[in-house]
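Numbering (the numbering used here), first residue to last: 44 to 188. Here is the structure we will look at.
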């Protein structure tokens with residue numbers, strides 16, 4: 044039997060590593076993490092001390108990301124969350140708008156798979172336009188949704 048190659052994972056907006064831990068337990072190898080929060084960085088470094096960690100996605104250069112088959116990301120939800128009524132800036136917001144930085148990196152590096160997550164409020168942010176924008180951008184990049 045031919046051995047199966049272990050899939051490699053790059054984790055963006057990694058938080059404390061929920062995606063990372065789950066995919067690692069599924070047999071994948073985490074090779075890169077990007078997380079700006081200092082507390083979360085300490086958690087990641089404690090659990091994955093040998094994995095390359097970058098802080099701010101907006102300063103990340105595509106060549107700084109190791110080859111990975113699967114890219115995960117839970118881009119910030121504050122600007123699309125229903126909990127932020129009256130202040131929902133959507134993808135035009137400083138935080139949730141970081142989706143675009145992620146999409147630019149995807150366009151440059153073209154991972155085989157992308158796993159994204161966010162809050163239910165994304166579905167109706169700006170009348171659903173923000174969600175359509177994300178779906179359209181992923182489609183433009185060649186990723187089925």
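A virtual CB, placed ideally from N, CA and C, is assigned to each residue, including glycine.
Please go through the same chain and pick out, in chain order, the residues whose beta-carbon is closer than 6 Å to the beta-carbon of residue i, but skip the five residues on each side of it.
{"i": "residue 71", "result": "50 and 52"}
{"i": "residue 182", "result": "none"}
{"i": "residue 161", "result": "120"}
{"i": "residue 62", "result": "54 and 115"}
{"i": "residue 164", "result": "123, 124 and 125"}
In the DSSP assignment, what residue or residues form a beta bridge with residue i?
{"i": "residue 54", "result": "76 and 115"}
For residue i, which three-state DSSP category applies?
{"i": "residue 184", "result": "coil"}
{"i": "residue 65", "result": "helix"}
{"i": "residue 90", "result": "helix"}
{"i": "residue 49", "result": "coil"}
Could you check the C-alpha separation between residue i and residue j for me, to the nearest Å?
{"i": "residue 96", "j": "residue 85", "result": "10 Å"}
{"i": "residue 80", "j": "residue 44", "result": "44 Å"}
{"i": "residue 134", "j": "residue 89", "result": "32 Å"}
{"i": "residue 104", "j": "residue 77", "result": "12 Å"}
{"i": "residue 124", "j": "residue 59", "result": "20 Å"}
{"i": "residue 152", "j": "residue 131", "result": "31 Å"}
{"i": "residue 102", "j": "residue 82", "result": "19 Å"}
{"i": "residue 177", "j": "residue 111", "result": "22 Å"}
{"i": "residue 128", "j": "residue 168", "result": "10 Å"}
Any chance the CB of residue i is under 7 Å from a heavy atom of the ligand SAH?
{"i": "residue 106", "result": "Only the bare structure without any ligand can be found here, which leaves the ligand SAH out of the picture."}
Going by beta carbon distance, what residues of the same chain come within less than 8 Å of residue i, once the five residues before and after it are set aside?
{"i": "residue 113", "result": "50, 51, 52, 53, 66, 71, 154, 155, 156, 157 and 158"}
{"i": "residue 56", "result": "77, 78, 100, 116, 117, 118, 119, 141 and 145"}
{"i": "residue 87", "result": "57, 59, 60, 63, 76, 78, 94 and 96"}
Leaving out the 5 sequence neighbours to the left and right, which residues in its chain are closer than 7 Å to residue i when beta-carbon positions are compared?
{"i": "residue 94", "result": "73, 74, 75 and 76"}
{"i": "residue 180", "result": "146"}
Item to check | Start-end ranges of the alpha helix (DSSP H) lying completely within the region 95-178, minimum 4 residues | outcome: 142-152
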